[in-house]
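Reviewing the structure listed below.
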């Protein structure tokens, strides 16, 4: 059986029914715009602050974009039982879930480049190391999507997924060094920062945009990769335990 | 497992905490057979289907689908089967055509092939005119038809139909039954769960009754009915039954009992199978115009009530309350 056809069918179906729908396109544009505007205005500094704020805005756009859509594409389909149709298809669960999350990953990457495009008109981004920036964005999108998947399979209702997502998302804004350096956090919060995937993604983004980072890129990306693998494996385990029980 | 079994289940069990939903179920289904699985709500029908199709894992009992161990290799078994769940669970945002093409894609069918097959099924199911309409806007009957079409898009050897006609109007249900019969004639093995006993009686080769997670009887409709049939009964319809015909018949056929239950009807009862030829000839010699002679037998519903103690009407009402009435 041609498994790639099944993979492609799921991805295209999700893109058409969810990600390319006007409300999601609007959300994908407005949400990063709102974050960008909010932080630029709040920072009180001029356009020279853009490189400082850009990594945080990019990371937060990806995080909120991916986790929000996963709650719909997985939890909603599980709730209305159309997800059963996918579970009945003769394709490995791993491939099925990769197909199901690929659309969200692409959506997250697209979200990330909304503030980048905006910043490109307002600031000089010639110093950005795109060779590391783009892989970092992709890895953040994968990790955030798999976090969204982990949340989506742990709950039964869409509203529960959104609530549970916020339990992770809002602390990450403050704990992952997006806008406030981790070094300035109270000592007791620092271990928590390093237990969150976005910390490593944000470190790479800071490093690639304005050169300040605390860990080697290779370590950041390796840890992000480990988070991705762990979240995906946990999600698959939960699907097998809860949905194919 | 022999080649004459496409589904084989032995001692199948499923527990949810303290509740045993399926308790030691054993049966097999032969190639090309239409096998009915009948029982009230909560009897374990859907749980059994879920285990057979790989949507649930049994606590005990091997399942073999087309010779493949379904518990250890569910994905290989899923290539052989099509499933029509008890809810029409296609995608409301996609059109009928897109839904079928998507389902075909899940089975690795190429673009040309899936478009051709989708068009063919939309024609066959009378949905060609609605092919470009979104599934969400379909009527309940149309949704059911498209869900069945999606279940057979990849031409499975075995089709699982879970309550296919529940909540559909009489005409729609009749049309669906004709479609199911057509699939059966074409050689598809069908596993059908239904609470409409008359539906199972009309369609199925063999029937299993499941109550409280246990199979209480499996057999052909003919054999299920036989034990509760004390006498052989034939009803003859004629243009008019002349006065005295009952006495004439009783005199000529002393081993048979006759009665006149209604205008133009003669009821014939005997301990042995009734030979209708001599009866009809006798009546015609008497100048009686016979229009029909048919054997009366207990319905499968009578058998179900006798065996399970559950009133079929109550079962139907309960289901329709839960799933939308017909």
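Protein chains in written order, with the working numbering: chain A, 198 to 442; chain B, 0 to 325.
Note that CB positions come from ideal geometry on N, CA and C, so glycine has one too.
Going straight from the alpha carbon of residue i to that of residue j, what length do you get?
{"i": "residue 11 of chain B", "j": "residue 383 of chain A", "result": "57 Å"}
{"i": "residue 304 of chain A", "j": "residue 440 of chain A", "result": "26 Å"}
{"i": "residue 366 of chain A", "j": "residue 300 of chain A", "result": "20 Å"}
{"i": "residue 29 of chain B", "j": "residue 5 of chain B", "result": "6 Å"}
{"i": "residue 39 of chain B", "j": "residue 222 of chain A", "result": "47 Å"}
{"i": "residue 296 of chain B", "j": "residue 32 of chain B", "result": "23 Å"}
{"i": "residue 163 of chain B", "j": "residue 204 of chain A", "result": "29 Å"}
{"i": "residue 8 of chain B", "j": "residue 413 of chain A", "result": "57 Å"}
{"i": "residue 252 of chain B", "j": "residue 222 of chain B", "result": "28 Å"}
{"i": "residue 1 of chain B", "j": "residue 68 of chain B", "result": "The pLDDT assigned to residue 1 of chain B is 49, lower than 50, so where the model puts this residue is not dependable; a value taken from the coordinates is nonetheless given after this. Approximately 14 Å between the Cα atoms of the pair."}
{"i": "residue 117 of chain B", "j": "residue 99 of chain B", "result": "6 Å"}
{"i": "residue 57 of chain B", "j": "residue 144 of chain B", "result": "30 Å"}
{"i": "residue 437 of chain A", "j": "residue 80 of chain B", "result": "20 Å"}
{"i": "residue 193 of chain B", "j": "residue 37 of chain B", "result": "6 Å"}
{"i": "residue 153 of chain A", "j": "residue 228 of chain A", "result": "For residue 153 of chain A there is no data in the structure shown, the boundaries of chain A being 198 and 442."}
{"i": "residue 325 of chain B", "j": "residue 24 of chain B", "result": "Because the pLDDT of residue 325 of chain B is 46, which lies under 50, any placement of that residue in the model is unreliable, and the question is left without a value."}
{"i": "residue 225 of chain A", "j": "residue 208 of chain A", "result": "18 Å"}
{"i": "residue 124 of chain B", "j": "residue 188 of chain B", "result": "19 Å"}
{"i": "residue 280 of chain A", "j": "residue 271 of chain A", "result": "7 Å"}
{"i": "residue 352 of chain A", "j": "residue 218 of chain B", "result": "43 Å"}
{"i": "residue 42 of chain B", "j": "residue 214 of chain B", "result": "9 Å"}
Verify the CB distance criterion: does residue i have a CB-CB separation below 7 Å to chain B?
{"i": "residue 438 of chain A", "result": "no"}
{"i": "residue 275 of chain A", "result": "no"}
{"i": "residue 349 of chain A", "result": "no"}
{"i": "residue 286 of chain A", "result": "yes"}
{"i": "residue 199 of chain A", "result": "yes"}
{"i": "residue 278 of chain A", "result": "yes"}
Residues of chain D with CB closer than 8 Å to the CB of residue i, please, in chain order.
{"i": "residue 214 of chain A", "result": "Of the chains in the structure shown, none is chain D; the protein chains are A and B."}
Would residue i count as contacting chain A if we go by Cβ distances under 7 Å?
{"i": "residue 74 of chain B", "result": "yes"}
{"i": "residue 86 of chain B", "result": "yes"}
{"i": "residue 1 of chain B", "result": "Because residue 1 of chain B sits at a pLDDT of 49, beneath the cut-off of 50, its placement in the model cannot be relied upon, and the following sentence gives the value as read from the coordinates. For residue 1 of chain B, the answer is no, since every Cβ of chain A falls outside 7 Å of its Cβ."}
{"i": "residue 16 of chain B", "result": "no"}
{"i": "residue 154 of chain B", "result": "no"}
{"i": "residue 105 of chain B", "result": "yes"}
{"i": "residue 296 of chain B", "result": "no"}
{"i": "residue 77 of chain B", "result": "yes"}
{"i": "residue 324 of chain B", "result": "Only weak support is given to the placement of residue 324 of chain B: the predicted model assigns it a pLDDT of 44, under 50, and the value that follows is read from those uncertain coordinates. For residue 324 of chain B, the answer is no, since every Cβ of chain A falls outside 7 Å of its Cβ."}
Buried or exposed: which applies to residue i, given that a residue is buried once 16 or more other Cβ atoms fall within 10 Å of its Cβ?
{"i": "residue 73 of chain B", "result": "buried"}
{"i": "residue 286 of chain B", "result": "exposed"}
{"i": "residue 401 of chain A", "result": "buried"}
{"i": "residue 210 of chain A", "result": "buried"}
{"i": "residue 238 of chain A", "result": "exposed"}
{"i": "residue 283 of chain B", "result": "exposed"}
{"i": "residue 235 of chain A", "result": "exposed"}
{"i": "residue 293 of chain B", "result": "exposed"}
{"i": "residue 138 of chain B", "result": "exposed"}
{"i": "residue 314 of chain A", "result": "exposed"}
{"i": "residue 381 of chain A", "result": "exposed"}
{"i": "residue 207 of chain B", "result": "buried"}
{"i": "residue 140 of chain A", "result": "Past the edges of chain A, shown from 198 to 442, lies residue 140 of chain A, and the structure says nothing about it."}
{"i": "residue 363 of chain A", "result": "exposed"}
{"i": "residue 201 of chain A", "result": "exposed"}
{"i": "residue 17 of chain B", "result": "exposed"}
Listing by chain order, which chain A residues have their CB less than 8 Å from the CB of residue i?
{"i": "residue 108 of chain B", "result": "202"}
Along chain B, in chain order, which residues have C-beta atoms closer than 8 Å to that of residue i?
{"i": "residue 219 of chain A", "result": "Those within 8 Å of residue 219 of chain A in chain B number zero; the least Cβ separation is about 12 Å."}
Mind listing the chain A neighbours of residue i? Cutoff is C-beta to C-beta under 9 Å, in chain order.
{"i": "residue 55 of chain B", "result": "441, 442"}
So residue i contacts chain A; which residues on that side make the cut at Cβ distance below 7 Å?
{"i": "residue 52 of chain B", "result": "285"}
{"i": "residue 101 of chain B", "result": "206, 210"}
{"i": "residue 82 of chain B", "result": "285"}
So which residues of chain B does residue i contact, with C-beta pairs closer than 9 Å?
{"i": "residue 366 of chain A", "result": "Correct list: empty, because the minimum Cβ distance to chain B is about 27 Å."}
For residue i, which residues in chain B fall below 7 Å Cβ to Cβ?
{"i": "residue 281 of chain A", "result": "54, 84, 88"}
{"i": "residue 289 of chain A", "result": "74"}
Quick check for students: name the residue ranges of the alpha helix (DSSP H) that lie wholly in the segment 299-371 of chain A, counting only runs of 4 or more. Counting only runs that start and end inside the segment 299-371 of chain A, the alpha helix (DSSP H) elements of at least 4 residues fall at 327-351.
Quick one: which unbroken alpha helix (DSSP H) runs of 4-plus residues sit fully inside the segment 146-188 of chain B? Chain order, please. The segment 146-188 of chain B contains these whole alpha helix (DSSP H) runs: 169-184.
Whole runs of the beta strand (DSSP E) within the segment 250-319 of chain B, excluding any shorter than 3 residues: Here the runs fully enclosed are 256-261, 264-269, 289-295.
Give the list of continuous beta strand (DSSP E) stretches no shorter than 3 residues that lie fully inside the segment 14-60 of chain B. Runs found: 18-28, 33-37.
With a floor of 3 residues, list each beta strand (DSSP E) that falls wholly inside the segment 80-152 of chain B, ordered by position along the chain. Counting whole runs of 3 or more residues, the segment 80-152 of chain B contains the beta strand (DSSP E) stretches 80-83.
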